[in-house]
Amino acid sequence: MARILIVDDDRHTCELLRHILEAASHEVQTAYDGSDAAQLFRTQTFDLVMTDIYMPERDGFDVMRDVRKQQPNVPIIIFTGQRDLHFDPLKMADRLGADMVMRKPIVRATVLSAVEQVLNGPRPAVENGTTG
1 MARILIVDDD RHTCELLRHI LEAASHEVQT AYDGSDAAQL FRTQTFDLVM TDIYMPERDG
61 FDVMRDVRKQ QPNVPIIIFT GQRDLHFDPL KMADRLGADM VMRKPIVRAT VLSAVEQVLN
121 GPRPAVENGT TG
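Every letter in the sequence shown is one number past the one before it in full-length UniProt numbering, and letter 41, counting from 1, is 41.
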């Protein structure tokens, strides 16, 4: 069982991930923006952080920087549903130290596989269930 922090301004995505991960016996906390995530991360310890990139206030890049400053060994999985032709958020996240990257929509098997990999094995980048 791992303690996992999920950060996304989309409450439906947070609840979907919570349901998937709690069914797999993980303990889950949610934050709906980067500021809430920073507060939780300062007061609690987590084995894994999963964050969306695009959020109001403090975004997923801010979350990643906070995690890397405070607990550099905590793995981070980032995900996004946005597609921007001039900016590749997945490449940027990789440069900032994400252990895995995924695009939405959330797929149960992909989420569970990604979590298992970052917690227990090598950490290649993942996008929609394939190594990339």
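Heads up, the beta-carbon is just placed ideally off N, CA and C, and yes, glycines get one too.
Proximity to residue i [Cα-Cα], best of the options
i: D56; options: S35, S25, Q71 and A114; result: Checking the sequence, you will find Pro at residue 56 rather than Asp. Per the Cα distances, S35.
i: G60; options: G121, G81, E116 and E27; result: G81
i: T13; options: N120, D33, R95 and R65; result: D33
i: S54; options: R103, L17 and Q71; result: Looking at the sequence shown, residue 54 is not Ser but Tyr. Closest option to Y54, Cα to Cα, is R103.
i: I4; options: V28, I20 and E22; result: V28
i: T30; options: V115, F79 and L17; result: L17
i: A114; options: R95, F79, V7 and R58; result: F79
i: N120; options: D62, Q71 and D47; result: D47
i: L40; options: E15, Q71, H19 and I20; result: Q71
i: L96; options: V111, N73, R68 and I106; result: R68
Distance between beta carbons of residue j and residue i, contact taken as under 8 Å
i: I77; j: A109; result: With 8 Å as the limit, I77 and A109 do not qualify as a contact, their Cβ atoms being about 15 Å apart.
Buried or exposed by the 16-neighbour rule on C-beta atoms within 10 Å, applied to residue i
i: M100; result: buried
i: T45; result: exposed
i: H26; result: buried
i: A38; result: buried
i: M64; result: buried
i: A23; result: exposed
i: P75; result: buried
i: T43; result: exposed
i: M1; result: exposed
task: Can you check the UniProt domain "Response regulatory" (3 to 119) for any alpha helix (DSSP H) of at least 4 residues that lies completely inside it and give the ranges in chain order?
output: 11 to 23, 34 to 43, 60 to 70 and 89 to 96
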